[in-house]
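*Asks:* So in the numbering used here, spot 163 of the sequence shown is number 163, and the numbers just go up one at a time. Beta carbons: idealized from backbone N, C-alpha and C, even for Gly. Note that the structure is predicted; figures quoted are calculated from it, not measured. Input: one structure, supplied below.
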Amino acid sequence: RQRQMCIRDRFVLGETPAKCLPYLLLEKGYDVWLGNNRGNKYSRKHLSLSSSSEKFWDYSLDEFALYDIPDTIDYILSTTNNLQLTYVGFSQGSAQAFGALSLNPKLNKKIKLFIGLSPAMIPKGLNHPIARLFVETAPQLVFSIFGRRAILPSVVFWQKLLGRLYYKTVVDKSLVLLFGWTSSNITHNQKAIGYPHLFSPSSVKSVVHWFQIINNKRFQMYDEGLVSPLTKITSTNLKVHRVAPFPVQTISAPIYLIYGKNDMLID
């Protein structure tokens, strides 16, 4: 029987098969499944909603953890008639697993091993002061600027318009501004191959959720009721509340984490 491996996000980007994790695992006898997050350019279909509607984009990390990850795992195990699989997640793919495993105790029994690569949980923040300003601003202001659907919906258009060379340059400069990443460990050819597939739209609500996690310095569920900093707080309208954290201390599945010490998004 083949060993099951569920992989999330951005792994088919190497210059050669020897640098592509799914191909390496396939050669070692694993049955490899690649997952897509809802809303990216490979996952825009829905039974009843149009991708142009706000309701289609009304999701955050909560929905990934509550529905998408458990459903993906159950689908794979049901299709293969296996009881367990190994889960590999990169960056947010790790955060989604942390959230799903913490909220769903039964899911832990279906995970043979959870491998987190650059496991995002409580990022320290963004590199550029203007980017940090967006992180610290009120969610309603972010929604007013970017809307309530996709964040950067024209990314595919710019990929085609700029071409591989200029698009690579824009991405390199953006990564330095946002995260301080020089991408010095990635070759020119790998960037040319990988960058067009690496970035894809997600919901504005998902980005706001990460801003909330950064601001509160806790891995928490989405806060629907944050008071705007522009609101005048009085004794009559003050509402004290604290959003529930993802209870990661309840996770029982075996975990193996791999990260780089210069990665500012890793706590």
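Less than 9 Å between the C-beta atoms of V243 and V142, yes or no?
*Replies:* Here residue 243 refers to the residue found at position 243 of the sequence shown. Here residue 142 refers to the residue found at position 142 of the sequence shown. Their beta carbons are not under 9 Å apart, which means V243 does not touch V142 by this criterion.
*Asks:* Rounded to whole angstroms, what is the Cα-Cα separation between R132 and L126?
*Replies:* On the sequence shown, residue 132 is found 132 positions in, with the first residue counted as 1. On the sequence shown, residue 126 is found 126 positions in, with the first residue counted as 1. Computed Cα separation, rounded: 6 Å.
*Asks:* Kindly indicate which three-state DSSP category S60 falls into: helix, strand or coil?
*Replies:* Along the sequence shown, one-based indexing puts residue 60 at 60. In the structure shown, S60 sits in coil (DSSP, three-state: anything other than H, G, I, E or B).
*Asks:* Are the segment 113–122 and the segment 33–52 in contact at 8 Å, needing three or more beta carbon pairs?
*Replies:* The segment 113–122, when compared against the segment 33–52, does not touch it at the 8 Å Cβ threshold.
*Asks:* Candidates W181, D172, K55: which alpha carbon is nearest K261's?
*Replies:* As a position in the sequence shown, residue 261 is number 261, starting the count at 1. Closest by alpha carbon: W181.
*Asks:* Measuring only the C-alpha atoms, how far is S52 from V155?
*Replies:* Translated into the one-based positions of the sequence shown, residue 52 becomes position 52. Translated into the one-based positions of the sequence shown, residue 155 becomes position 155. Their backbone Cα atoms lie some 16 Å apart in a straight line.
*Asks:* Mind checking whether Y87 and F56 have CB atoms under 9 Å apart?
*Replies:* By 1-based counting over the sequence shown, the position of residue 87 is 87. By 1-based counting over the sequence shown, the position of residue 56 is 56. No, the pair does not count as a contact, with Cβ atoms beyond the cut-off.
*Asks:* Output needed for P229: all residues of its chain with C-beta closer than 7 Å, excluding positions within five of it in sequence on either side, in chain order.
*Replies:* Start at 1 with the first residue of the sequence shown, and residue 229 comes out as number 229. With a pLDDT of only 46 at P229, under 50, the local geometry of the prediction cannot be trusted, and the value read off the model is given with reservation. Once the five neighbours on either side are set aside, the close Cβ partners of P229 are A138.
*Asks:* Please go through the segment 20–103 and give each complete beta strand (DSSP E) segment of 3 or more residues, from N-terminal end onward.
*Replies:* The segment 20–103 contains these whole beta strand (DSSP E) runs: 30–35, 85–90.
*Asks:* Give me the residue from P22, A65, S50 with the minimum Cα distance to Y222.
*Replies:* Taking the sequence shown and counting its residues from 1, the one referred to as residue 222 is at position 222. Residue A65 is the option with its Cα nearest to Y222.
*Asks:* Could you pull out every residue in the same chain whose Cβ sits closer than 6 Å to the Cβ of Y59, ignoring the five residues on either side in sequence?
*Replies:* Residue mapping note: residue 59 aligns to position 59 of the sequence shown, counting from 1. For Y59, where only same-chain residues beyond five positions count, the Cβ hits under 6 Å are S203.
*Asks:* Are the CB atoms of L103 and F246 within a distance shorter than 9 Å?
*Replies:* Position 246 of the sequence shown, counting from 1, holds the residue named residue 246. Position 103 of the sequence shown, counting from 1, holds the residue named residue 103. In this structure, L103 lies closer than 9 Å to F246 by Cβ.
*Asks:* Excluding sequence positions up to five away, which residues of its chain have a Cβ less than 6 Å from the Cβ of K191?
*Replies:* For the purposes of this step, residue 191 is identified with residue 191 of the sequence shown, where counting begins at 1. Within the same chain, K191 has close Cβ partners K168.
*Asks:* Return the first residue and the last residue of the beta strand (DSSP E) that I214 is part of.
*Replies:* Working through the sequence shown from its first residue, we reach residue 214 at position 214. No beta strand (DSSP E) holds I214; the alpha helix (DSSP H) holding it covers 204–216.
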